[in-house]
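Novice: Once you've had a glance at the structure underneath, I'll fire off some questions.
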Amino acid sequence: LVTHVKLHIYPDGGVARLKVYGEVKKDWSKVGSNDRVDLASALNGAKAILCNDMFFSHMDNLLMPGRGVNMGDGWETKRNRTPNNRDWVIIRLAHPGTIDEILVDTCHFKGNYPDGCSLEGCYLPEGKDPDLADDKIQWTELLPRQKLQADHEHTYKSEIKQHQRISHVHLYIYPDGGVSRLRLFGTIGKP
Numbered sequence: 055l056v057t058h059v060k061l062h063i064y065p066d067g068g069v070a071r072l073k074v075y076g077e078v079k080k081d082w083s084k085v086g087s088n089d090r091v092d093l094a095s096a097l098n099g100a101k102a103i104l105c106n107d108m109f110f111s112h113m114d115n116l117l118m119p120g121r122g123v124n125m126g127d128g129w130e131t132k133r134n135r136t137p138n139n140r141d142w143v144i145i146r147l148a149h150p151g152t153i154d155e156i157l158v159d160t161c162h163f164k165g166n167y168p169d170g171c172s173l174e175g176c177y178l179p180e181g182k183d184p185d186l187a188d189d190k191i192q193w194t195e196l197l198p199r200q201k202l203q204a205d206h207e208h209t210y211k212s213e214i215k216q217h218q219r220i221s222h223v224h225l226y227i228y229p230d231g232g233v234s235r236l237r238l239f240g241t242i243g244k245p
């Protein structure tokens, strides 16, 4: 476990970029069971696991801090004219919990935003790494299909269905397009 990285260059010179790869391991013992946190933040340890399309930009962008700086800083799928198409991404939450606020941000997506979105959740015990695309996983509807607008932060609270603790979410966009950020605010509760 590492908290800091120190770079030495000898004897002198410059470094254009330093990339450090790994996984975020937040100390959840310091988070109260009723403290509100963004369970879908990469800064807290959330991870995009699987999606059906990353033609224009990577699914990990959904979980990044702040608002997107341009369309390439979100998750965008290619056009699909198949009737009833929906593109999707599966996210492992930073910590299992219950969600009380959902924010879907279509920042910078003006002619290529999805018409709508919905969200499902499930709970999988830690350490299990099943095939998340498997039809045997019991996904529960969290957010019924909602209409989206261009370049807008969509906030949902009362629309969220009652649910138990979840560890993973399945975001669907209809039929395709781009989403800049996904925020899932909630509490970790008690196991």
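Per our numbering, the sequence shown runs over residues 55 to 245.
Yeah, the Cβ is synthetic: ideal placement off N, Cα and C, and Gly gets one too.
Only a predicted model underlies this, so the values are computations on that prediction, with no experimental measurement involved.
1. Buried or exposed: which applies to L72, given that a residue is buried once 16 or more other Cβ atoms fall within 10 Å of its Cβ?
2. Kindly indicate which residue of S172, Y177, H206 has the alpha-carbon position closest to the one of R199.
3. Unbroken beta strand (DSSP E) runs of length 3 or more, entirely within the region 65–127: which are they?
4. Measure the alpha-carbon distance for R121 versus D92 and round it to whole angstroms.
5. How close, in whole Å, do the beta carbons of G128 and V233 come, if the pair is a contact with beta carbons under 8 Å?
6. Given this structure, state the Cα-to-Cα distance separating D66 from L238, to the nearest angstrom.
7. Counting only the same chain and skipping the five closest in sequence on each side, list residues whose C-beta sits under 8 Å from that of D154.
8. With a threshold of 8 Å on Cβ separation, who are the neighbours of I63 within its own chain once the five nearest residues in sequence on each side are excluded?
Specialist: Inspection of the coordinates gives the following:
1. exposed
2. Per the Cα distances, S172.
3. 101–105
4. 14 Å
5. The beta carbons of G128 and V233 sit about 6 Å from each other, so the pair counts as a contact at 8 Å.
6. 45 Å
7. R90, K211, I214, F239, G240, T241
8. V69
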